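Q:
2 protein chains.
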Amino acid sequence: MSPAPSRPEKLSRETLLPLMAAHVLEHGLGGASLRPLAKAAGTSDRMLVYHFGNKETLIVELLDHIAGVYSATLDMALGDIRPATRRECFDRVMDQAANPAMRPFMVLWWDIVAGAARNLPGYEVAAQKMIARQLDWLIRQMPVDDPDPEGGARLLLTLMEGSLMLGTVGHAKTARDGLLAGDLSPS
Amino acid sequence: MSPAPSRPEKLSRETLLPLMAAHVLEHGLGGASLRPLAKAAGTSDRMLVYHFGNKETLIVELLDHIAGVYSATLDMALGDIRPATRRECFDRVMDQAANPAMRPFMVLWWDIVAGAARNLPGYEVAAQKMIARQLDWLIRQMPVDDPDPEGGARLLLTLMEGSLMLGTVGHAKTARDGLLAGDLSPS
DNA sequence: AGAGGAATGTAGCGAGTGCTACAATAGAGA
DNA sequence: TCTCTATTGTAGCACTCGCTACATTCCTCT
């Protein structure tokens, strides 16, 4: 357990990024301007520009850092109970996604997707990392006897992301009903 | 064909909304501030506030209007060729979604989803309308002999949205491969 | 024609934006 | 001890933000 430093000895990118990441996870990327970020990190906008050069590269490094935090959070949530069927796997993983610890990432995630769609620098790279990590994690969650765990995980990932999106726009039931109308079994 | 008025007789919400919608479809909702919106609509920020009261209700009405435009665009793209299988239906609809005419909606869509995730006023309502309309449209695209067109359409919608999201973050191949690993046939 | 309300223009306020110039401090190497 | 560089503070610039006060024009109804 690292001793949370109320006054860190030295301020650098490495010490600033976690604090700013926490702020962004709570308040989103849209309104992330230098002065609030600096306040959250215990510095001044002046110093953020000093350490990162400008806001754009700050955001790029921050997104990369957040992708790393996301990976670590996923690893922490890793359970080793292998489900018997793909559907059971889907249900379990969706339960995990509904975990309150994942909520800030969920909300931030759509910010990142929107930024990637607009080709904002750093957004697509961060999104790719987060998806890749999620896919790795999902493969390890697949049923042991699945003949095609990689393909199955890709299928479940697609369904999960679609379901999560429909959920955030108030169409969770649509996704749930859809899942009942299909067969997730291999090939 | 309505004669595109270079100088509309009267400026009201109804005449302003399409012009602002066009601006938002091109430049996104994030940077949509009063002065650029007013310029796009041929007015002043002063008049936008006069007509809509404040920015928040302007955005709410604008999102509602855009949901309507989206419906009309979907109707225009409606083809009557019924596919034979769900998979064929999926492929055709994904081709439709790749239509350049849909591109601005796609990019804007993630803005709306992100706003809905943050509970910004008007965003979730607009997203719900757009999804509902898309579902209606999809049901009419299902194979004629499908035993459960509503359920199947919900399944395809979930898969589509997941695939589209993975596509916008550079994981289109992941979604494609996933689709090959599953059976979309009924029940 | 005159009155009165709707519509619009001009100017600006206070706050926030990214960023910078300049100076002060601190700490390490000579 | 004395530089010299890395770090930090203060102040501010030029800009945009949503919004408003005030004045003016336009149109309609009597």
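If you're matching them up, the sequences are chains A and B in order. Reminder that position 102 of the first sequence reads as 156 in the numbering used here, one-by-one numbering, no gaps. Reminder that position 7 of the second sequence reads as 61 in the numbering used here, one-by-one numbering, no gaps. Note that the Cβ used here is the ideal one computed from N, Cα and C, for glycine as well. Keep in mind the model is a prediction, meaning the values are calculated, not measured.
Listed from N- to C-terminal order along the chain, which residues in the region 78–102 of chain B have their beta-carbon within a distance smaller than 8 Å of any beta-carbon of chain A?
A: Per Cβ criterion, the list reads Gly82, Gly84.
Q: Cutting at 8 Å between CB atoms, please list the residues of its own chain near leucine 128 (chain B), excluding the five before and the five after it.
A: Arg187, Gln188, Trp191.
Q: Here's a check: name, in chain order, each residue in its chain whose Cβ is nearer than 8 Å to the Cβ of leucine 73 (chain A), leaving out the five neighbours to either side.
A: Hits under 8 Å: Ala94, Ala95, Gly96.
Q: Going by CA-CA distance only, name the one from B:Leu79, B:Arg67, B:Gly232, B:Leu238 that's closest to aspartate 155 (chain B).
A: Position check: residue 155 (chain B) holds alanine in this sequence, whereas aspartate was assumed. If we check each option's Cα against that of alanine 155 (chain B), B:Leu79 comes out closest.
Q: Does any CB atom of chain A fall closer than 8 Å to the CB of glutamine 182 (chain B)?
A: Chain A contact via Cβ: present.
Q: Nearest-angstrom Cα distance between aspartate 149 (chain B) and aspartate 237 (chain B)?
A: Answer to the nearest angstrom: the Cα atoms are 20 Å apart.
Q: Rank A:Pro201, A:Val114, A:Ala131 by C-alpha distance to the C-alpha of isoleucine 166 (chain A) and give the top, closest one.
A: The shortest C-alpha separation from isoleucine 166 (chain A) is found at A:Val114.
Q: Can you pull the chain B residues whose beta carbon is under 8 Å from the beta carbon of aspartate 202 (chain A), in chain order?
A: Here the neighbours are Ala235.
Q: Can you name the residues of chain A whose CB is closer than 9 Å to the CB of proline 240 (chain B)?
A: By Cβ distance, chain A contributes Ala235, Gly236, Asp237.
Q: How is proline 154 (chain A) classed by DSSP in three states: helix, strand or coil?
A: The answer is helix: DSSP assigns proline 154 (chain A) an H, G or I state.
Q: Reducing DSSP to helix, strand and coil, say where glycine 206 (chain A) ends up.
A: Helix at glycine 206 (chain A).
Q: Taking the alpha carbon of arginine 89 (chain A) as the point to measure from, which residue in A:His81, A:Leu102, A:Gly82, A:Leu83 has its own alpha carbon closest?
A: For arginine 89 (chain A), the nearest C-alpha among the options comes from A:Leu102.
Q: Taking 8 Å as the threshold (beta carbon to beta carbon), is histidine 225 (chain A) in contact with chain B?
A: Yes, its Cβ sits closer than 8 Å to a Cβ of chain B.
Q: Would you please verify whether the beta carbon of threonine 212 (chain A) is less than 8 Å from any beta carbon of chain B?
A: Interface residue, yes.
Q: Using the beta-carbon count (16 or more within 10 Å), is glutamate 215 (chain B) buried or exposed?
A: Answer is buried; the Cβ neighbour count reaches 16.
Q: Quick check on DSSP: helix, strand or coil for serine 66 (chain A)?
A: Reduced to three states, the DSSP call for serine 66 (chain A) is coil.
Q: Examine chain A for any beta-carbon lying closer than 8 Å to the beta-carbon of threonine 228 (chain B), and answer yes or no.
A: With 8 Å as the cut-off, threonine 228 (chain B) counts as an interface residue toward chain A.
Q: Do valine 161 (chain A) and glutamine 195 (chain A) have their C-beta atoms within less than 8 Å of each other?
A: Not in contact: valine 161 (chain A) and glutamine 195 (chain A) (Cβ atoms no closer than 8 Å).
Q: How far does the beta strand (DSSP E) with serine 239 (chain A) in it extend, from its first residue to its last?
A: It spans 236–240 - the beta strand (DSSP E) in which serine 239 (chain A) sits, taken as one unbroken run.
Q: Is aspartate 199 (chain A) near glycine 206 (chain A), with beta carbons less than 8 Å apart?
A: Cβ distance not < 8 Å, so aspartate 199 (chain A) and glycine 206 (chain A) don't count as in contact.
Q: Below 8 Å CB to CB, which residues in the same chain sit around proline 158 (chain A) once its five sequence neighbours on both sides are set aside?
A: Same-chain partners within the cutoff: Leu79, Glu80.
Q: Does the distance from the CB of tryptophan 164 (chain A) to the CB of alanine 229 (chain B) come in under 8 Å?
A: No; because the gap between Cβ atoms is not below 8 Å, this pair is not in contact.
Q: Taking 8 Å as the threshold (beta carbon to beta carbon), is arginine 194 (chain B) in contact with chain A?
A: With 8 Å as the cut-off, arginine 194 (chain B) does not count as an interface residue toward chain A.
Q: To which residues of the same chain is histidine 119 (chain A) closer than 6 Å at the C-beta, ignoring the five residues directly before and after it?
A: Cβ within range, chain order: Leu71, Ala75.
Q: Taking Cβ positions only, does methionine 219 (chain A) come closer than 8 Å to chain B?
A: For methionine 219 (chain A), the answer is yes, since a Cβ of chain B falls inside 8 Å of its Cβ.
Q: Arginine 172 (chain A) touches chain B at which residues, Cβ-Cβ below 7 Å?
A: Residues of chain B passing the Cβ test: Gly82, Val161.
Q: Quick check on DSSP: helix, strand or coil for serine 98 (chain A)?
A: Reduced to three states, the DSSP call for serine 98 (chain A) is coil.
Q: Could you check what DSSP says for aspartate 200 (chain B) in three-state terms: helix, strand or coil?
A: Coil, per DSSP.
Q: Is it the case that the Cβ atoms of arginine 136 (chain B) and proline 197 (chain B) are separated by a distance below 8 Å?
A: Cβ distance < 8 Å, so arginine 136 (chain B) and proline 197 (chain B) count as in contact.
Q: If we cut at 8 Å on Cβ distances, does methionine 148 (chain A) have a partner in chain B?
A: With 8 Å as the cut-off, methionine 148 (chain A) does not count as an interface residue toward chain B.
Q: Counting along the chain, where does the alpha helix (DSSP H) carrying glutamine 182 (chain B) start and finish?
A: That run of the alpha helix (DSSP H) goes 177–194.
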